[in-house]
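>
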Amino acid sequence: MQLRINQTTYEVDADADTPLLWVIRDDLGLTGTKYGCGLAQCGACSVLVDGAVVRACVTPVAGVVGREITTIEAVEADAVGKRVVSAWVKHQVAQCGYCQSGQVMAATALLKHTPHPSDAQIAAAMVNLCRCGTYNAIHAAVHDVAAEQENA
Amino acid sequence: MNDSLRVTGVAQPFPVGEPVNISRRSFLLASAGTAVGALVLGFGLPLGLSRVQAATGNAAAPGTQVPAFLEIRPDGRIRLLSPFMEGGQGIFTAMAQIVGEELDADPATFLIDSAPPGEQYVVMDNGMRITGGSMSVRTSYPTMRRLGALARAMLLQAAAERLGVPVGDLSTEPGRVIHAASGRTLGYGELAAQAMDLPVPDPASVTLRDPSQFRWIGKPVQRVDAYDKSTGKAVYSIDVKVDGMLHAAVQHAPRLGMRVGELRNEAQVKAMKSVHSVHRLPGAVAVVAERWWHAKRAVEAVQVQWLEASADAKVRQMPADFSSDAFRDQLAATTGPARDEENEGDFGKAFADAPTQVEATYHNQFLNHAQLEPPSALARFNPDGTLEVWLPNQAPDMFRADMAKRTGLDPSQITLHSPLLGGFFGRHFLYDSANPYPQAILLAKAVGRPVKLIWSREEEFLRDALRPMAVVKFRAALDAQGLPVAIEAVSATEGPTEAIAGKQGEKIDPTALEGLSGKAYAIPSKRIAQVYVKGPAMLGYWRSVGNSLNDFFYEAFLDELADKGKQDPFELRLHLLRDNQRLTNLLQAVGDLSGGWKRGPFTAEDGSRRARGVAMASPFGSEAAVIAEVSIEQGQVKVHDIWEAIDPGSIVNPAIIEAQVNGAVSLGLSQALVEEAVYVNGQPRARNYDLYPILSAQRMARVHVRIVESGAKMGGIGEPPLPAVAPAVANAVAHLTGQRIRSMPLSRYTFS
């Protein structure tokens, strides 16, 4: 089957029900997307499919054929994603960093659809787990991008 | 110098950075931010130990073998091999600040990897090399400064020879040597090759920078890995890949100690897609496959006949009737014999003579580490018989020694690579049955190819080493004024250190009682004791270790004493610390930070009823004080704000300290509010985050931090902010609701 990932077309030999996560990581070698739980609980595997955030660990690969997939490796190619990464660095969000690929993707999806999210919208969208406790820094960084977009 | 690049391939640490294929003979250096295959010119890597020692005048002094630590590249970037592992605590950045300060090089120009095992990296003042106990900076600070100063002296000497001027006429600015008289300058990168061939100067010959002149130490320097960790470029063990590698997954015995019997459908599993082979391991079945997903699916399909443990099992045996609630009852019922850790005054007499006595029993829960990166290990046997292993670890020399014991190889034949840790919190110490590398080594040996084994989240929850449980019985006496004059705490528990040893030591395990012992309050009579109760659960270190439970017990019970004696808990603590200026200042600092101590209950602007609680702790060489503000929402505790003042004596990076306080508050709230590893019928109820909740963003509190630099001996930072969080919350809840909860998590209760 063919997959469109980060503006590139890949020919992939995988079973239809293989989770997208393992195709990305093991077949394509894009290891920025992380395995955390395999149950859509933690969000470390978050990627964008046609601009919406999905959890790749429970997304069968056959379901995303013909759709535009974006992983953390290409997040800066997106204007919003680039601002999110800048805000993440400015606010020094990451500690161990393992969940942050997913956090950045979730924030990018939120801010692409909702440029000026309310606190409640941020809370509803930013539900990925972080064991290092970076939640406050994430909140500040998302707000920062939203304010920036307002001024832009 | 190119000789040095080829000397000892096996001594080369795996570079942390871009994922690369590492062929056996041609190592590609790919440090963070470096193009794959960048040619390394400069001094240092990879030097065999003999070369390093030959280049070193004083091999005995720790942290003086400069070439083993530092490589300066032609472009001036500086690669440092850190004795400490980076897992979010910011140690790589701290090392860049400390070494850079004395080397005179901007921390932003550093590329940092974990150092391999080896005596040359034993830099802690206690003679160890581990990443834990919040010890990294405080035990290596002068040594790592001196390392930077020694390297700077070598660069100055090389420049003096190059320019034909006396060393005394030279100075440095970040990354450059300056000859002021002629205006000539040389970048460090231009001098590195020459400097490599110089002997390391006498450590006593270098003088360190006056702290008043620090440019980077004490400043909120940006983390060296912030960008890579925001863009998926950071590489963890789970991401490492080598040529010819196979993937493996395991199915563990449902209870530790059980043995593999018949595999009822082995033939069918072997026929599953991409499966290479099926293996019986001690206490586990493994499938090796071309893809991890296939290995996982296949191993989960294996129908295993699990046999009860044999009498001579070397691991702890988990009985079929074990439950965490029953174990708590067992702890509560075990009253002796006890051994005293502290015994001052005459508790018995003071207690008997006092007009008011208070007694209470507390307990805590088992916890999992639940770090986001599941454990993995990649093992490769090379044709020359040497072994390489990539794995998360907090103690490389201990892990290598264990691998040597298991394989019969000499430690010099084993190369250990330590990529970034996707969280650790104590998870990656040497826990016999809780690490995947022994399995990965067996599998690599069996299949004759490199094998990367990842434990699924479910297998991780099954084999994780737990934070211990304790039942603590308190007794205390109040005088006629309602002030405590005697306190006794007897804890029935097994500490993690004695659990790992498998037996009680001659001395009390300090990690069992810390937080009950070591309290600073002036209470004239006190007795702190342990009743050792060995349990079947595999135990380990969890962030802030004994303090994570014991300060909860003590500080909550202290509030009970305040209430009984009709004292304000904040004022009572001030009174009990009246002769301790450092802690008096700290407590007042957190009071100020919160806008002045205000216990409540009061009505907040949103109409909710709220109260505040206070608690203190003295963990890992630092001091901490916390105030928590809570309300009740739908029967559960909502923590709105945490104010924390922390005094580590002196600091290296205030921004990272603030981040570490946030992280410690997060774990402190998590254990106070939601977290619990429950065992029923010898098995954990939770095998994933669905049934093992960790603190979510929704339940995180606002965190306000004040760093107090008292100038006292430098203490730790990773763990100290955690222990006072849970008792501050419990104290606030007790005041708000009238319900004194003497256990964690509070989610076991409903509040109104």
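Chains as they are written, first to last, in numbering that gives the first Met the number 0: chain A, 0 to 151; chain B, 0 to 751. Idealized CB from N, CA, C, for every residue including glycine.
Our contact map puts V732 (chain B) next to G667 (chain B) with C-beta atoms below 8 Å; I'd like the distance itself, whole angstroms only.
The count along the second sequence starts at 1 and reaches residue 732 (chain B) at position 733. The count along the second sequence starts at 1 and reaches residue 667 (chain B) at position 668. Contact flag wrong, Cβ pair sits at about 14 Å.
> In this structure, how does DSSP classify T133 (chain A) when only helix, strand and coil are distinguished?
Here residue 133 (chain A) refers to the residue found at position 134 when the first sequence is read from its first residue. T133 (chain A) falls in the coil class under three-state DSSP.
> With distances taken from CA atoms, which of B:I71, B:A627, B:E118 is nearest Q64 (chain B)?
Residue numbering aside, residue 64 (chain B) sits at position 65 when the second sequence is read from its first letter. The shortest CA-to-CA distance from Q64 (chain B) to any of B:I71, B:A627, B:E118 is the one to B:E118.
> What first and last residue would you give for the beta strand (DSSP E) that runs through L69 (chain B)?
Position 70 of the second sequence, counting from 1, holds the residue named residue 69 (chain B). Start and end: 69 to 71.
> Say whether the segment 305 to 319 of chain B touches the segment 262 to 274 of chain B, bearing in mind that this needs 3 or more beta-carbon pairs closer than 8 Å, one atom from each stretch.
no
> Please decide whether Q6 (chain A) counts as near chain B, where near means a Cβ-Cβ distance under 8 Å.
The residue labelled residue 6 (chain A) in the question sits at position 7 within the first sequence. It does not: the Cβ of Q6 (chain A) has no partner Cβ on chain B nearer than 8 Å.
> Buried or exposed for V166 (chain B), please, with buried defined as at least 16 other CB atoms from any protein chain shown within 10 angstroms of its CB.
Stepping through the second sequence from its first residue, residue 166 (chain B) is reached at position 167. Exposed: under 16 other Cβ atoms inside 10 Å.
> Just mark H115 (chain A) as buried or exposed, buried being the case when its beta carbon has 16 or more other beta carbons within 10 Å.
Translated into positions along the first sequence, residue 115 (chain A) becomes position 116. By the 10 Å Cβ count, H115 (chain A) comes out exposed.
> At the level of alpha carbons, what is the spacing between V239 (chain B) and E85 (chain B)?
Stepping through the second sequence from its first residue, residue 239 (chain B) is reached at position 240. Stepping through the second sequence from its first residue, residue 85 (chain B) is reached at position 86. Distance between the alpha carbons of V239 (chain B) and E85 (chain B) is about 16 Å.
> What residue range does the beta strand (DSSP E) around K232 (chain B) cover?
As a first step, residue 232 (chain B) must be located in the second sequence, where it is residue number 233. No beta strand (DSSP E) contains K232 (chain B), which DSSP labels as neither H nor E.
> Counting only Cβ pairs nearer than 7 Å, list the residues of chain B close to T17 (chain A).
Counting from one through the first sequence, the residue named residue 17 (chain A) turns up at place 18. In chain order: W292.
> What do you get for E343 (chain B), buried or exposed, if any count of 16 or more other CB atoms within 10 angstroms of its CB means buried?
Residue mapping note: residue 343 (chain B) aligns to position 344 of the second sequence, counting from 1. Its Cβ having fewer than 16 others within 10 Å, E343 (chain B) is exposed.
> Closest to D74 (chain B) by C-alpha separation, out of B:A104, B:K269, B:F83, B:Q364, would be which residue?
Counting from 1 along the second sequence, the entry for residue 74 (chain B) is found at position 75. Of the candidates B:A104, B:K269, B:F83, B:Q364, the one whose C-alpha sits nearest the C-alpha of D74 (chain B) is B:A104.
> Consult DSSP for V677 (chain B) and reduce its assignment to one of helix, strand or coil.
Taking the first residue of the second sequence as 1, we reach residue 677 (chain B) at position 678. V677 (chain B) falls in the coil class under three-state DSSP.
> Tell me whether R144 (chain B) sits in a helix, a strand or coil according to DSSP, three-state version.
Translated into positions along the second sequence, residue 144 (chain B) becomes position 145. R144 (chain B): helix per DSSP, three-state reduction.
> Is A283 (chain B) buried or exposed, if buried means 16 or more other CB atoms sit within 10 Å of its CB?
One-based indexing of the second sequence puts residue 283 (chain B) at position 284. Result: buried.
> Measure how close the beta-carbons of A119 (chain A) and A86 (chain A) come, nearest whole angstrom, since I'm counting them as under 8 Å.
The count along the first sequence starts at 1 and reaches residue 119 (chain A) at position 120. The count along the first sequence starts at 1 and reaches residue 86 (chain A) at position 87. Not really, about 20 Å apart at Cβ, beyond 8 Å.
> Given a threshold of 16 other Cβ atoms within 10 Å of its Cβ, counted over all protein chains shown, does L306 (chain B) qualify as buried or as exposed?
Here residue 306 (chain B) corresponds to residue number 307 of the second sequence, with the count starting at 1. Looking at its Cβ environment, which holds fewer than 16 other Cβ atoms inside 10 Å, L306 (chain B) is exposed.
> With 8 Å set as the bound, which would you pick, yes or no: does the beta-carbon of I68 (chain A) sit closer than that to a beta-carbon of chain B?
To locate residue 68 (chain A), count along the first sequence from 1; it is residue 69. Answer no: the Cβ-Cβ gap between I68 (chain A) and chain B never drops below 8 Å.
> Hey, out of B:L465, B:R608, B:V122, whose CA is closest to G494 (chain B)'s CA?
On the second sequence, residue 494 (chain B) is found 495 positions in, with the first residue counted as 1. Measuring from the Cα of G494 (chain B), the nearest candidate turns out to be B:L465.
> Any beta carbon from chain B within less than 8 Å of S45 (chain A)'s own beta carbon?
Taking the first residue of the first sequence as 1, we reach residue 45 (chain A) at position 46. S45 (chain A) does not count as touching chain B.
> Could you work out which residue in B:V532, B:P509, B:D168, B:Y688 is closest to A332 (chain B) when comparing CA atoms only?
On the second sequence, position 333 is the one that residue 332 (chain B) refers to. Of the candidates B:V532, B:P509, B:D168, B:Y688, the one whose C-alpha sits nearest the C-alpha of A332 (chain B) is B:V532.
> Relative to chain A, which residues along the segment 670 to 696 of chain B have a C-beta separation below 9 Å, given in chain order?
N687, Y688, D689, I693, L694, S695, A696
> Where C129 (chain A) and G126 (chain B) are concerned, what is the direct C-alpha to C-alpha distance, given to the nearest angstrom?
The residue labelled residue 129 (chain A) in the question sits at position 130 within the first sequence. The residue labelled residue 126 (chain B) in the question sits at position 127 within the second sequence. The alpha-carbon atoms of C129 (chain A) and G126 (chain B) are separated by roughly 34 Å.
> Under 8 Å between C-beta atoms, does C95 (chain A) make it to chain B?
Walking along the first sequence from the start, residue 95 (chain A) turns up at place 96. Interface residue, yes.
> Could you round the C-beta distance between M743 (chain B) and S649 (chain B) to whole angstroms and report it? I think they count as a contact, below 8 Å.
Looking up residue 743 (chain B) in the second sequence gives position 744. Looking up residue 649 (chain B) in the second sequence gives position 650. Actually they do not touch by this definition, with Cβ atoms about 33 Å apart.
> If we count the other Cβ atoms within 10 Å of its Cβ and call it buried at 16 or more, is K506 (chain B) buried or exposed?
Counting from one through the second sequence, the residue named residue 506 (chain B) turns up at place 507. K506 (chain B) comes out exposed.
> Examine chain B for any beta-carbon lying closer than 8 Å to the beta-carbon of A169 (chain A), and answer yes or no.
The question about residue 169 (chain A) has no answer here: the residues shown for chain A are numbered 0 through 151.
> Could you tell me which of B:D124, B:I129, B:Y436 sits nearest to P141 (chain B), measuring between CA atoms?
Counting from one through the second sequence, the residue named residue 141 (chain B) turns up at place 142. Of the candidates B:D124, B:I129, B:Y436, the one whose C-alpha sits nearest the C-alpha of P141 (chain B) is B:D124.
> Would you mind giving the Cβ-Cβ distance between P722 (chain B) and A616 (chain B), rounded to the nearest angstrom? I have them listed as a contact below 8 Å.
For the purposes of this step, residue 722 (chain B) is taken as residue 723 along the second sequence, with counting starting at 1. For the purposes of this step, residue 616 (chain B) is taken as residue 617 along the second sequence, with counting starting at 1. So it is a contact: roughly 4 Å between Cβ atoms.
> From the DSSP secondary-structure annotation, give me the bridge partner or partners of Y531 (chain B).
The residue given as residue 531 (chain B) occupies position 532 in the second sequence. In the DSSP output, where bridge partners are listed per residue, Y531 (chain B) has B:T492.
> How big is the Cα-Cα spacing for I631 (chain B) and S751 (chain B)?
In the second sequence, residue 631 (chain B) corresponds to position 632, counting from 1. In the second sequence, residue 751 (chain B) corresponds to position 752, counting from 1. Using only the alpha carbons, I get a separation of about 7 Å.
> Just to confirm before moving on: does the CB-CB distance between A300 (chain B) and V268 (chain B) stay below 8 Å?
Translated into the one-based positions of the second sequence, residue 300 (chain B) becomes position 301. Translated into the one-based positions of the second sequence, residue 268 (chain B) becomes position 269. Cβ atoms of A300 (chain B) and V268 (chain B): closer than 8 Å.
> Are the segment 676 to 690 of chain B and the segment 448 to 460 of chain B touching, with three or more C-beta to C-beta distances below 8 Å?
yes
> For the segment 108 to 123 of chain A, enumerate the residues whose C-beta is nearer than 8 Å to any C-beta of chain B, in chain order.
A122
> With DSSP as the reference, label L155 (chain B) as helix, strand or coil.
The residue labelled residue 155 (chain B) in the question sits at position 156 within the second sequence. Note: L155 (chain B) maps to helix in three-state DSSP.
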